[in-house]
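Colleague: Below is a structure I'd like to ask you about.
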Amino acid sequence: MKRLLTLLCGALAAAALFAIMVLTTADVVGRKFFAASLPGSLELTELLMVGVIFAGLPLVSLQGEHVVFDTLDSRLPPALLRVQRAVIDALCAAALGGLAVLLWLKAGQMASYGDTTAQLKLPVALFVHAMALLCGLTAAVHAALALSPPAAAPKPVGGG
Amino acid sequence: MTEALLGFAAVFALALLRVPLAFAMGAVGYVGLGLLRGWGPTAAGAAQVVYDTGFAYTLSVVPLFILMGNFVARAGLADELFGAAFAFVGHRRGGLAHATVIACAGFGAICGSSIATAATMSKVAYPPMKQLGYADHLSTGVIAAGGTLGIMIPPSTIMVIYGIVTETNIGRLFAAGVLPGLLCALLLMGGVAFIAHRDPAAGPAAARTPWPQRWAALRRIWGVLLLVAVVLGGIYGGVFTATEGAGIGAAGAFGFALARRTLTLRTLVEVLVESARTTAMLFTILIAATLFSNFVNFTSMPGDLKDGITQLGLPPLALIAAMMAVYVLLGTIMEELTMVLLTLPVFFPVVTALGYDPVWFGVLIVLVVQVGLISPPVGMNMFVMKALLKDVALSAIFRGSALFCLPLAIGLVLVLLFPAIALWLPGLMT
Numbered sequence: 008m009k010r011l012l013t014l015l016c017g018a019l020a021a022a023a024l025f026a027i028m029v030l031t032t033a034d035v036v037g038r039k040f041f042a043a044s045l046p047g048s049l050e051l052t053e054l055l056m057v058g059v060i061f062a063g064l065p066l067v068s069l070q071g072e073h074v075v076f077d078t079l080d081s082r083l084p085p086a087l088l089r090v091q092r093a094v095i096d097a098l099c100a101a102a103l104g105g106l107a108v109l110l111w112l113k114a115g116q117m118a119s120y121g122d123t124t125a126q127l128k129l130p131v132a133l134f135v136h137a138m139a140l141l142c143g144l145t146a147a148v149h150a151a152l153a154l155s156p157p158a159a160a161p162k163p164v165g166g167g
Numbered sequence: 163m164t165e166a167l168l169g170f171a172a173v174f175a176l177a178l179l180r181v182p183l184a185f186a187m188g189a190v191g192y193v194g195l196g197l198l199r200g201w202g203p204t205a206a207g208a209a210q211v212v213y214d215t216g217f218a219y220t221l222s223v224v225p226l227f228i229l230m231g232n233f234v235a236r237a238g239l240a241d242e243l244f245g246a247a248f249a250f251v252g253h254r255r256g257g258l259a260h261a262t263v264i265a266c267a268g269f270g271a272i273c274g275s276s277i278a279t280a281a282t283m284s285k286v287a288y289p290p291m292k293q294l295g296y297a298d299h300l301s302t303g304v305i306a307a308g309g310t311l312g313i314m315i316p317p318s319t320i321m322v323i324y325g326i327v328t329e330t331n332i333g334r335l336f337a338a339g340v341l342p343g344l345l346c347a348l349l350l351m352g353g354v355a356f357i358a359h360r361d362p363a364a365g366p367a368a369a370r371t372p373w374p375q376r377w378a379a380l381r382r383i384w385g386v387l388l389l390v391a392v393v394l395g396g397i398y399g400g401v402f403t404a405t406e407g408a409g410i411g412a413a414g415a416f417g418f419a420l421a422r423r424t425l426t427l428r429t430l431v432e433v434l435v436e437s438a439r440t441t442a443m444l445f446t447i448l449i450a451a452t453l454f455s456n457f458v459n460f461t462s463m464p465g466d467l468k469d470g471i472t473q474l475g476l477p478p479l480a481l482i483a484a485m486m487a488v489y490v491l492l493g494t495i496m497e498e499l500t501m502v503l504l505t506l507p508v509f510f511p512v513v514t515a516l517g518y519d520p521v522w523f524g525v526l527i528v529l530v531v532q533v534g535l536i537s538p539p540v541g542m543n544m545f546v547m548k549a550l551l552k553d554v555a556l557s558a559i560f561r562g563s564a565l566f567c568l569p570l571a572i573g574l575v576l577v578l579l580f581p582a583i584a585l586w587l588p589g590l591m592t
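Heads up: the sequence lines are chains B and L, in that order.
8 is the number of the first residue of the first sequence in the working numbering; add one for each residue after it.
163 is the number of the first residue of the second sequence in the working numbering; add one for each residue after it.
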């Protein structure tokens with residue numbers, strides 16, 4: 008399960024990011040040297056960003072890479088730490104689950120309006136549905152972590 | 163005002179209980195706004211925030227710059243930067259530490275992350291310093307502090323995020339970071355010279371490199387210099403936007419990694435996934451911070467604070483200095499990006515109301531974040547180094563980092579007193 012998730016989300020996020028890089032470069036090169044930009048490259052980048060962020064999210068949660076204030080960890084007994092982790096993962100699962108529902112509802116609304124992107128006429132709702140699903144998947148990751156908290160402390164990663 | 167203060171208190175309490183900071187901010191923002199404004203509009207608003215942040219073209223600048231830094235790290239360009247710097251200053255007292263600062267500055271011009279710069283340099287610069295008998299506090303301190311140049315010398319993840327949140331021009335922010343970045347590098351080298359002067363055994367000199375080898379070392383880094391010139395020159399010169407520059411930079415760095423045969427399909431995917439994970443982590447914080455600031459902006463706090471401060475009649479510069487003092491203090495115990503995102507909805511309106519240039523304030527923010535990243539007990543650069551250099555005592559890393567807080571703090575004061583250091587270069591932009 009874990010390996011499949013890592014593989015699928017990793018492949019999706021990696022492909023999306025690589026595509027953004029290629030698109031942006033091709034767009035600039037085309038515009039500067041051939042006076043022709045790629046039609047819809049802006050829109051495609053936006054849609055691909057959804058892939059990078061939301062396919063990356065389950066991986067971040069799975070590897071415990073969210074920024075946490077863990078300075079007190081060394082002062083707490085390991086048993087208490089495990090309980091604390093489980094409770095927090097359950098809360099994260101609930102929050103992300105709620106968000107997934109909100110996004111799903113928004114996607115349904117957009118689908119009923121028939122919203123499409125301006126240039127390529129792609130249905131936006133499809134991508135918002137994907138956002139909701141990946142968000143729900145991340146909630147599931149947290150739920151699984153809550154049920155079986157990992158023994159080793161994850162390494163810290165920060166935003167600076 | 164009370165609601166907002168309760169909100170801040172709740173975020174801190176949750177964070178202390180080990181709730182991930184993004185979830186703490188997001189949840190408090192959501193519940194707070196729900197209580198003030200009603201749950202229906204809050205729910206719709208939250209979905210809209212996630213949607214807007216997900217589908218934002220300009221935000222693709224974040225993963226692209228991260229990707230560029232990761233490709234460059236993988237291509238081994240950091241070793242060559244360090245080699246070239248070493249060839250020129252290695253024979254001086256504390257020379258390897260000087261070379262570390264120079265290499266960090268160079269690496270900072272391709273990498274927008276302080277942590278990545280410190281992590282890369284730990285692998286490149288620590289082993290030779292250890293071999294030559296450098297004291298651990300000098301070697302680790304200079305790497306941790308030099309790493310922070312990664313966010314001052316453009317590109318810079320934190321400047322990009324500041325630019326997005328405050329709607330400040332990212333190209334101008336980047337230009338504004340150049341001189342303060344070089345100033346910080348000089349100040350850090352001053353710190354190295356001071357430590358090596360007081361305790362010569364802490365940083366012995368290495369053998370002198372003859373000139374032919376110096377030129378050879380310099381020739382090896384032309385690729386890095388070209389990449390920097392194209393990306394940053396293009397952004398400053400208005401040839402392309404920051405987002406486009408990031409895309410070109412990532413593609414160029416990809417080209418380098420390919421040309422040096424450091425990439426297989428497997429490592430390519432690794433680099434891409436690693437960059438995507440960092441992006442997802444940052445966007446979680448970004449979305450949560452937006453939810454939280456929507457709540458804070460709905461309370462009377464930003465307005466009250468602005469009125470209260472104007473009534474106090476303090477000199478504006480004293481106010482900015484007070485804000486910086488708050489940041490430096492908070493930075494010792496908090497993760498820095500979160501600290502900035504948490505406080506911007508309150509501080510930023512005051513700064514613009516006082517008539518200050520948001521670009522200058524952005525540079526000041528980066529400076530306090532630099533100090534925060536290496537001020538014990540909580541600073542990401544120190545933790546990353548501890549994770550990578552398992553044999554070094556955390557106390558040595560703390561001691562060395564604390565020593566190098568001073569040069570960076572001097573840089574902060576200088577930019578505070580002489581805004582031209584930051585604003586001169588963007589002033590030249592068209």
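Quick reminder that beta carbons are idealized off the backbone N, C-alpha and C, glycines included.
1) Can you give me the Cβ contacts of L/Gly411 inside the same chain, cut-off strictly under 6 angstroms, excluding the 5 residues immediately before and after it?
2) Can you tell me whether L/Gln375 is buried or exposed? The criterion is at least 16 other CB atoms within 10 Å of its CB, across all chains shown.
3) So is B/Gly17 in contact with chain L if we call contact Cβ pairs under 9 angstroms?
4) Residues of chain L with CB under 9 angstroms from B/Val75, in chain order?
5) Taking 9 angstroms as the cut-off, decide whether the C-beta atoms of L/Gly270 and L/Ile323 are in contact.
6) Is B/Pro130 helix, strand or coil by DSSP?
7) What in chain L is Cβ-close to B/Gln91, meaning under 9 angstroms?
8) Quick one: what does DSSP say L/Thr310 is sitting in, helix, strand or coil?
9) For B/Ala150, name the three-state secondary structure that DSSP assigns.
10) Between L/Gly417, L/Gly308, L/Arg561 and L/Arg334, which lies nearest to L/Arg400 when the distance is taken from Cα to Cα?
11) Could you give the distance in angstroms between the alpha-carbon of B/Ala151 and the alpha-carbon of L/Ala515?
12) How would you label B/Phe229, buried or exposed, when you count the other beta carbons within 10 angstroms and need 16 or more for buried?
13) On the three-state DSSP scale, how would you describe B/Thr123?
14) At a Cβ cut of 8 angstroms, what residues of the stretch 103-128 of chain B count as close to chain L, listed as they run along the chain?
15) By the three-class DSSP mapping on this structure, what secondary structure does L/Ala259 have?
16) Nearest-angstrom Cα distance between L/Ile383 and L/Ala267?
17) Pull out every residue of the stretch 432-452 of chain L whose Cβ sits closer than 7 angstroms to any Cβ of chain B, in chain order.
18) For L/Ile449, name the three-state secondary structure that DSSP assigns.
19) For B/Ala132, tell me which candidate among B/Ala125, B/Leu141, B/Gly121 and B/Cys142 has the shortest Cα-Cα distance.
20) Could you give the DSSP three-state label for L/Thr461: helix, strand or coil?
21) Taking 9 angstroms as the threshold (C-beta atoms), are L/Gly534 and L/Met501 in contact?
22) Report the neighbours of B/Gly63 on chain L: residues whose CB is nearer than 7 angstroms to its CB, in chain order.
23) Among B/Ile95, B/Glu53, B/Ser48 and B/Leu11, whose alpha-carbon lies nearest the alpha-carbon of B/Gly71?
24) Is B/Lys39 close to chain L, meaning its C-beta is less than 9 angstroms from at least one C-beta of that chain?
25) Is L/Leu345 buried or exposed, if buried means 16 or more other CB atoms sit within 10 Å of its CB?
26) Three or more beta-carbon pairs under 8 angstroms between the stretch 218-235 of chain L and the stretch 246-260 of chain L, yes or no?
27) Report the CB separation of L/Val458 from L/Ala166 in whole angstroms; it is logged as a contact under 8 angstroms.
28) If I'm right that L/Gly309 touches L/Met283 with Cβ under 8 angstroms, what's the distance once you round it to whole angstroms?
29) Using the beta-carbon of each residue, which ones in chain B are nearer than 7 angstroms to L/Leu221?
30) Would you say L/Phe416 faces chain B, with C-beta separation under 9 angstroms as the test?
31) Please compile the residues from chain L whose C-beta is within a distance smaller than 8 angstroms of the C-beta of B/Leu49.
Modeller: In terms of the structure at hand:
1) Taking the second sequence and counting its residues from 1, the one referred to as residue 411 of chain L is at position 249. Closer than 6 angstroms at the Cβ level, and outside the excluded window around L/Gly411, lie Met230 and Val393.
2) Counting from 1 along the second sequence, the entry for residue 375 of chain L is found at position 213. A residue is called buried once 16 or more other Cβ atoms fall within 10 Å of its Cβ, and L/Gln375, having fewer, is exposed.
3) To locate residue 17 of chain B, count along the first sequence from 1; it is residue 10. B/Gly17 counts as touching chain L.
4) Within the first sequence, numbered from 1, the residue matching residue 75 of chain B stands at position 68. Within chain L, the residues near B/Val75 are Ala177, Arg180, Val181, Pro182, Leu183 and Glu497.
5) Within the second sequence, numbered from 1, the residue matching residue 270 of chain L stands at position 108. Within the second sequence, numbered from 1, the residue matching residue 323 of chain L stands at position 161. No, the Cβ-Cβ distance between L/Gly270 and L/Ile323 is not below 9 angstroms.
6) Position 123 of the first sequence, counting from 1, holds the residue named residue 130 of chain B. Strand at B/Pro130.
7) Within the first sequence, residue 91 of chain B is the residue found at index 84, counting from 1. Simply Leu179 and Arg180.
8) Position 148 of the second sequence, counted from the start, is the residue given in the question as residue 310 of chain L. Three-state result, L/Thr310: coil.
9) Here residue 150 of chain B refers to the residue found at position 143 when the first sequence is read from its first residue. Three-state result, B/Ala150: helix.
10) Locating residue 400 of chain L in the second sequence gives position 238, where the first residue counts as 1. The identity of residue 400 of chain L in the sequence shown is Gly, whereas the question assumes Arg. Sorting L/Gly417, L/Gly308, L/Arg561 and L/Arg334 by C-alpha distance to the C-alpha of L/Gly400 places L/Arg334 at the top.
11) Counted from its first residue, the first sequence places residue 151 of chain B at position 144. Counted from its first residue, the second sequence places residue 515 of chain L at position 353. If I take the Cα positions, the gap works out to 48 angstroms.
12) No information on residue 229 of chain B is available, as it lies outside the stretch 8 to 167 that chain B covers here.
13) The residue labelled residue 123 of chain B in the question sits at position 116 within the first sequence. Strand.
14) Across the stretch 103-128 of chain B, CB contacts with chain L closer than 8 angstroms involve Leu106, Leu109, Leu110, Leu112 and Lys113, in sequence order along the chain.
15) Walking along the second sequence from the start, residue 259 of chain L turns up at place 97. In the structure shown, L/Ala259 sits in a helix (DSSP, three-state: H, G or I).
16) Along the second sequence, one-based indexing puts residue 383 of chain L at 221. Along the second sequence, one-based indexing puts residue 267 of chain L at 105. Looking at the two C-alpha atoms, the distance is approximately 14 angstroms.
17) Taking 7 angstroms as the Cβ-Cβ cut-off against chain B, the residues of the stretch 432-452 of chain L that qualify are Leu434, Val435, Ser437, Ala438, Arg439, Thr441, Ala442, Met443, Leu444, Phe445, Thr446 and Ile447.
18) On the second sequence, residue 449 of chain L is found 287 positions in, with the first residue counted as 1. The answer is helix: DSSP assigns L/Ile449 an H, G or I state.
19) Indexing the first sequence from 1 puts residue 132 of chain B at position 125. Comparing Cα positions, the closest option is B/Gly121.
20) Translated into positions along the second sequence, residue 461 of chain L becomes position 299. Three-state result, L/Thr461: coil.
21) Position 339 of the second sequence holds residue 501 of chain L. Position 372 of the second sequence holds residue 534 of chain L. It is a contact, given that the beta carbons lie within the stated cut-off.
22) Sequence index remark: in the first sequence, residue 63 of chain B carries index 56 (1-based). The contacting residues are Ala438, Arg439, Thr441 and Ala442.
23) Numbered from 1 along the first sequence, position 64 holds the residue referred to as residue 71 of chain B. It is B/Ile95.
24) Position 32 of the first sequence, counting from 1, holds the residue named residue 39 of chain B. It does; some Cβ of chain L falls within 9 angstroms.
25) If you number the second sequence from 1, residue 345 of chain L lands on position 183. Buried: at least 16 other Cβ atoms inside 10 Å.
26) Look at the beta carbons and you see the stretch 218-235 of chain L not touching the stretch 246-260 of chain L: under three pairs across the two are nearer than 8 angstroms.
27) Within the second sequence, the letter at position 296 stands for residue 458 of chain L. Within the second sequence, the letter at position 4 stands for residue 166 of chain L. Indeed, because the Cβ distance is near 5 angstroms, the residues count as touching under 8 angstroms.
28) Position 147 of the second sequence holds residue 309 of chain L. Position 121 of the second sequence holds residue 283 of chain L. Right, their Cβ atoms sit about 6 angstroms apart.
29) Position 59 of the second sequence, counted from the first residue, corresponds to residue 221 of chain L. The answer, in chain order, is Met56.
30) Locating residue 416 of chain L in the second sequence gives position 254, where the first residue counts as 1. Yes, L/Phe416 lies at the interface with chain B (some Cβ there is under 9 angstroms from its Cβ).
31) To locate residue 49 of chain B, count along the first sequence from 1; it is residue 42. Simply Tyr219.
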